[in-house]
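Trainee:
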DNA sequence: CATTTATTATACCGTTCGGTATATCAGATG
DNA sequence: CATCTGATATACCGAACGGTATAATAAATG
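Chains as they are written, first to last, in the numbering used here: chain Y, 1 to 190; chain F, 191 to 380.
(1) With a threshold of 8 Å, are at least 3 pairs of Cβ atoms found where one atom belongs to the region 345-354 of chain F and the other to the region 144-152 of chain Y?
(2) Considering Cα atoms alone, identify which of F:298, F:217, F:250 is closest to residue 280 of chain F.
(3) If we define contact as Cβ-Cβ less than 8 Å, is residue 108 of chain Y a contact residue for chain F?
(4) State buried or exposed for residue 143 of chain Y, treating a residue as buried only when at least 16 other CB atoms are found within 10 Å of its CB.
(5) Could you tell me which whole alpha helix (DSSP H) segments of length 4 or greater appear in the region 14-91 of chain Y?
(6) For residue 53 of chain Y versus residue 117 of chain Y, is the C-beta distance shorter than 8 Å?
(7) Tell me where the alpha helix (DSSP H) around residue 179 of chain Y begins and ends.
(8) How far does the alpha helix (DSSP H) with residue 95 of chain Y in it reach, from first residue to last?
(9) What residue range is occupied by the uninterrupted alpha helix (DSSP H) comprising residue 154 of chain Y?
(10) By the criterion of Cβ-Cβ separation under 9 Å, what are the contact partners of residue 373 of chain F in chain Y?
(11) Helix, strand or coil: which one does DSSP assign to residue 190 of chain Y?
(12) Kindly indicate if chain Y contains any beta-carbon less than 8 Å away from that of residue 325 of chain F.
(13) Go ahead and pull the three-state DSSP assignment for residue 300 of chain F.
(14) I'd like to know whether the C-beta atoms of residue 88 of chain Y and residue 57 of chain Y end up nearer to each other than 8 Å.
(15) Am I right that residue 79 of chain Y and residue 5 of chain Y are in contact with their C-beta atoms under 8 Å? What's the rounded C-beta distance?
(16) Just to confirm my understanding: we take residue 378 of chain F, look at its own chain, exclude 5 residues before and 5 after, and list those with CB closer than 6 Å. What are they?
(17) Does DSSP classify residue 171 of chain Y as helix, strand or coil?
(18) Verify whether the separation of the beta carbon atoms of residue 241 of chain F and residue 305 of chain F is less than 8 Å.
(19) Could you list which residues in chain Y have their beta carbon closer than 7 Å to that of residue 211 of chain F, in chain order?
(20) For residue 101 of chain Y, return the contacting residues in chain F, with the cut-off set at a CB-CB distance below 9 Å.
(21) Give a yes or no on whether the minimum CB-CB distance between residue 50 of chain Y and chain F is below 8 Å.
(22) Let me make sure I understand the geometry here. Which of F:380, F:193, F:204 has the alpha-carbon closest to that of residue 288 of chain F?
(23) Within the same chain, show all residues whose beta-carbon is closer than 6 Å to that of residue 62 of chain Y, passing over the 5 residues directly before and after it, in chain order.
(24) Does DSSP put residue 130 of chain Y in a helix, in a strand, or in coil?
(25) In chain F, which residues lie less than 9 Å from residue 180 of chain Y when you measure between Cβ atoms?
(26) Taking 8 Å as the threshold (C-beta atoms), are residue 65 of chain Y and residue 40 of chain Y in contact?
(27) Are residue 112 of chain Y and residue 82 of chain Y touching if we call contact CB-CB under 8 Å?
(28) Near residue 35 of chain Y, what residues of its chain come up, given a Cβ to Cβ distance below 8 Å and the 5 sequence neighbours on each side ignored?
(29) Taking the straight line between their C-alpha atoms, what separation do you get for residue 298 of chain F and residue 265 of chain F?
(30) Quick one: what's got a C-beta closer than 7 Å to residue 336 of chain F's C-beta in the same chain, skipping five residues either side?
(31) Give every residue of the same chain whose Cβ lies closer than 8 Å to the Cβ of residue 180 of chain Y, excluding the five residues on either side of it in the sequence, and list them in chain order.
(32) Could you list which residues in chain Y have their beta carbon closer than 9 Å to that of residue 349 of chain F, in chain order?
(33) Name the residue from F:364, F:296, F:259 whose alpha carbon lies nearest to the alpha carbon of residue 316 of chain F.
(34) Step through the CB atoms of chain F and report whether any lies within less than 8 Å of the CB of residue 162 of chain Y.
(35) Under 6 Å Cβ to Cβ from residue 210 of chain F, same chain only, skipping five residues before and after it: list those, please.
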């Protein structure tokens, strides 16, 4: 059971750094200090390893975002809490977060994309629902809930992507999150 | 020379569909109806093929966005024209656009990411400069040019990503672009 | 103590990987 | 016609790929 976790951790690091397809099973087991049959004993296949990794690490952060999305507060507060939960997800395990994003943006026919898609879709629907619940506060949305959700997630994910690139190690400041949410809510003329 | 172009086209389709690492050179030459030495004659390596592909297909759309970014009009108009040029890029060759995005979101140590990074960075700086040029119109930006650029690009790219997923073939409506730009400029309370 | 069960390693499978040495072949050039 | 040059194919390279048959080991169980 200890090896099982070490394998997942090593796989995460390598998938993050080099990409799912570019990493060989041999490389993973070498880093973990075990041999191939051990990996196949626990996960059955390279893809099974990826799936287990996603399942294990996704649930908790997603629950946090969902909790924020379901808050019975005004939309400003909900958006802020969602953004906060999302950034916490990023902060808690940047490698896993970046790995998920890379997989989601990867080729549609690739098995790694197929594996991550349900998780990201579920997350995305959570945000759409938050906007639907806020219909009353936003005037007539004309069915723009999806568009808002896309803008919101797009702004956040893109910011985190470029933040992790530029300030590799630095903490994400609270006020930066507020500023992003404000920009999203009120636009750029403020 | 005809083979050269066919190889690039086939490579683009396969890289888009399955991912750079997941596609073998053999697969590319099979689809192009030629053999490996022909590919290596023109491009030297698999990575050389990718680099040539990016160089060949990036310049023109990027020039269009840069032209929009340098318009001497008010920021609303500049943003609209940039968004329009960007979406045209997407429309002209969705596969190539999606391939670029996938590469940019892929693992940092991966050679495919290294290959695409300079192009996306250049594009990104173009947008940052558009916001810098508009400083006078936006009040005090407090150095938020980068943040604005990130939000702008993030909203656009994310929208195109999910649009291409949902409405695979459908044309991108003009008014949708306007709506996105408005959302970005004025926020969601309108 | 004997047996079972979970876990791990040795050694190997056939296939595919990116890449190349060499030869051919067609068209242009002297 | 002879030669040269650009373009292409045949056939191959060693290495790495994902995956597995088999056996050993170690701890728990009867």
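Note that CB positions come from ideal geometry on N, CA and C, so glycine has one too.
Mentor: Inspection of the coordinates gives the following:
(1) yes
(2) F:250
(3) yes
(4) exposed
(5) 25-32, 36-43, 46-69
(6) no
(7) 174-186
(8) 94-104
(9) 145-166
(10) 144, 147, 148, 151, 184, 187
(11) coil
(12) no
(13) The DSSP-derived three-state label of residue 300 of chain F is coil.
(14) no
(15) Not a contact, Cβ separation roughly 35 Å.
(16) none
(17) Coil at residue 171 of chain Y, not helix or strand.
(18) yes
(19) In chain order: 19, 21, 22.
(20) 295
(21) Answer no: the Cβ-Cβ gap between residue 50 of chain Y and chain F never drops below 8 Å.
(22) F:204
(23) 123
(24) helix
(25) When 9 Å is used as the limit between beta carbons, residue 180 of chain Y is near these residues of chain F: 337, 340, 341, in chain order.
(26) no
(27) no
(28) 29
(29) 33 Å
(30) 318
(31) 83, 155, 156, 159
(32) 147, 150, 151, 154
(33) F:259
(34) yes
(35) 302
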